[in-house]
Amino acid sequence: MADSTTPHQVAIVGCGIIGRTHADTVAARPDATVTALVDVDPAAAKALATRLTEAGQPEPKVYGDLDAAVAGSDISLVAVCVPSGTHAAVAEKALEHKLHVVVEKPLDVDLAKGRRLGAAATRAASHGVVCSVISQHRFDPGSAIVAEAIRAGRFGTLTSATATVAWWRSDEYYASAGWRGTWAQDGGGALMNQGVHTLDLLLWFMGRPVTIQAQAIRAAHHAIEVEDTLVATFTFESGAVATLHATTAAYPGGRTRIAVHGTEGGAEIEDDVLRRFNADGAKEDLPVAEQSASDASVQQLSIDGHTRQYADILGAIDAGTSAGITIQDGIEALAAVRAVYIASTLQRPIKFEDVLEGRYDDVEVSRGIGLPPK
Ligand SMILES: NC(=O)c1ccc[n+]([C@@H]2O[C@H](COP(=O)([O-])OP(=O)(O)OC[C@H]3O[C@@H](n4cnc5c(N)ncnc54)[C@H](O)[C@@H]3O)[C@@H](O)[C@H]2O)c1
Numbered sequence: 387m388a389d390s391t392t393p394h395q396v397a398i399v400g401c402g403i404i405g406r407t408h409a410d411t412v413a414a415r416p417d418a419t420v421t422a423l424v425d426v427d428p429a430a431a432k433a434l435a436t437r438l439t440e441a442g443q444p445e446p447k448v449y450g451d452l453d454a455a456v457a458g459s460d461i462s463l464v465a466v467c468v469p470s471g472t473h474a475a476v477a478e479k480a481l482e483h484k485l486h487v488v489v490e491k492p493l494d495v496d497l498a499k500g501r502r503l504g505a506a507a508t509r510a511a512s513h514g515v516v517c518s519v520i521s522q523h524r525f526d527p528g529s530a531i532v533a534e535a536i537r538a539g540r541f542g543t544l545t546s547a548t549a550t551v552a553w554w555r556s557d558e559y560y561a562s563a564g565w566r567g568t569w570a571q572d573g574g575g576a577l578m579n580q581g582v583h584t585l586d587l588l589l590w591f592m593g594r595p596v597t598i599q600a601q602a603i604r605a606a607h608h609a610i611e612v613e614d615t616l617v618a619t620f621t622f623e624s625g626a627v628a629t630l631h632a633t634t635a636a637y638p639g640g641r642t643r644i645a646v647h648g649t650e651g652g653a654e655i656e657d658d659v660l661r662r663f664n665a666d667g668a669k670e671d672l673p674v675a676e677q678s679a680s681d682a683s684v685q686q687l688s689i690d691g692h693t694r695q696y697a698d699i700l701g702a703i704d705a706g707t708s709a710g711i712t713i714q715d716g717i718e719a720l721a722a723v724r725a726v727y728i729a730s731t732l733q734r735p736i737k738f739e740d741v742l743e744g745r746y747d748d749v750e751v752s753r754g755i756g757l758p759p760k
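Using the numbering used here, the letters of the sequence shown correspond one by one to residues 387 to 760.
What follows is the structure, encoded as structure tokens:
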């Protein structure tokens, strides 16, 4: 493991789209370097190694599995960037090697595996090992402003929220890797893969859900197993309610929006930027200056969020504290996704607590996705 004078030595496991984002994020930091790249596809790992060396980085070694990388390279932190259904297995392996871990979202597709990883992370934390899950939009300046206002009571009593992710993903996107759009490895569609970021923000803002109702369908993509469109309603412990809409079947140009309403204020975030903010009963109070200048257009993967979250994770490693986003946060987001699918499958309201505690672990959600019942 790195001490405070040596750079964090990062192994990236899974060198596809998001593996590149992690590599670029680490490469931009003076206190971290990518020492190992791991992929079952040697060409993917080699291509990423070339990208890093062409950017002036030291050449990382390339491996076919994590055990070989641990044996052959100095590694302190493992970034888990493989398909979603393999996240927990790779993360647990990294923890067995007593390495710090950052897992891409979602935590996994299987809640039981997520809980097991949570237990392993808790054991590892007692030895100073940091384990976090990516939820980069919690680090957007606008999201942080809203969360802080809610915690400080500046919106009064929260009454409701709406969240929508209206995106388009083509058939070519789903065909671009064998795991996409499958229950086993993607674990779901518009919600598990694309909407989970916004659902995680909804939970962060609104607190713990109580009851969830939902309808998931395949509206436009018929070659995939999972849903491309869903709607859900939530009640929360606070008494507030919310709607959630996620789709990859909206004509390109649709946006991501989350709006939170209370008796003394409220806020609206559109495409990751805070567009409206009222607090303390005041008419207009938009802290735009506190936001980042970047206004990344939807569906364009910028490294800003990962950059901010890596600062949090590496800071936690250096300080010997836990990261801002814990495996328990990832478990709760995954349980909320599962609760939506279970509610759609069983066509009745589902208690979030029951899902979190495993009472629905054996429900096969794939049969719940399709056209709405007539
Ligand atoms: N945070 C975000 O905004 C964001 C964005 C995109 C993807 N993701 C997440 O990142 C993960 C990967 O998505 P992607 O789009 O990069 O996928 P991808 O298909 O582009 O890349 C995955 C890579 O993992 C490799 N791989 C598969 N199994 C492996 C194993 N057991 N060991 C080592 N390598 C293995 C594949 O060969 C491939 O190169 C998914 O869970 C996805 O949800 C997150």
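Built from N, CA and C at the ideal position, the CB exists for glycine as well. Quick caveat, the model's predicted, so the values are computed rather than measured.
Ligand 1 has a heavy atom closer than 7 Å to the beta-carbon of S470. DSSP places Y637 outside any beta strand (DSSP E), giving it a letter other than H or E.
Excluding five sequence positions before and after Y560, the CB atoms of its chain that fall closer than 8 Å to its own CB belong to R566, G567, H607, A609 and I610, given in chain order.
V412 is the residue among T392, H394, V412 and V396 whose C-alpha sits nearest the C-alpha of G691. In this structure, ligand 1 has a non-hydrogen atom nearer than 7 Å to the beta-carbon of N579.
Selection E558, S688 and A725 evaluated against R745 yields A725 as nearest (Cα-Cα).
The C-alpha of G625 lies about 20 Å from the C-alpha of D666.
For L493 against A474, the beta-carbon gap comes to about 7 Å, under 8 Å, which counts as contact.
DSSP, read as helix, strand or coil, puts H647 in strand.
Distances taken from the Cβ of A455 to the heavy atoms of ligand 1 include none shorter than 7 Å. Contact between D747 and A498 holds: their C-beta atoms lie close to 6 Å from each other, under 8 Å. H513 counts as exposed, since fewer than 16 other C-beta atoms from the protein chains shown sit within 10 angstroms of its C-beta. When DSSP states are grouped into helix, strand and coil, Y696 belongs to the helix group. DSSP places G528 in the helix class (H, G or I) of the three-state scheme.
Collapsing the DSSP output to three states places H513 in coil. Between E718 and the set G402, V519, H486 and Q395, the nearest pair of CA atoms involves V519. Look at the beta carbons and you see the segment 548-564 touching the segment 624-643: at least three pairs across the two are nearer than 8 Å. Contact between the segment 408-425 and the segment 433-453 is present: three or more C-beta pairs spanning the two stretches fall below 8 Å.
In terms of Cβ geometry, Q601 and T634 do not form a close pair [threshold 8 Å].
Secondary structure note for L481: its alpha helix (DSSP H) is the uninterrupted segment H473 to E482. If you look at E490, you'll find it isn't in any alpha helix (DSSP H); DSSP assigns it neither H nor E.
By a beta-carbon distance limit of 8 Å, P735 does not contact T649. Their separation comes to about 26 Å.
Remark: the shortest separation between the CB of K491 and any heavy atom of ligand 1 falls under 7 Å. With a threshold of 16 other beta carbon atoms within 10 Å, S556 falls short and is exposed. In this structure, the CA atom of S730 is about 28 Å from the CA atom of V489. T392 and P416 have their C-alpha atoms spaced approximately 11 Å apart. For S546 and A668, the gap between their C-alpha atoms comes out near 19 Å. The residue from L589, T439 and E440 with its alpha-carbon nearest to that of F622 is L589. In terms of Cα proximity to A530, the closest of I711, D427 and A409 is I711.
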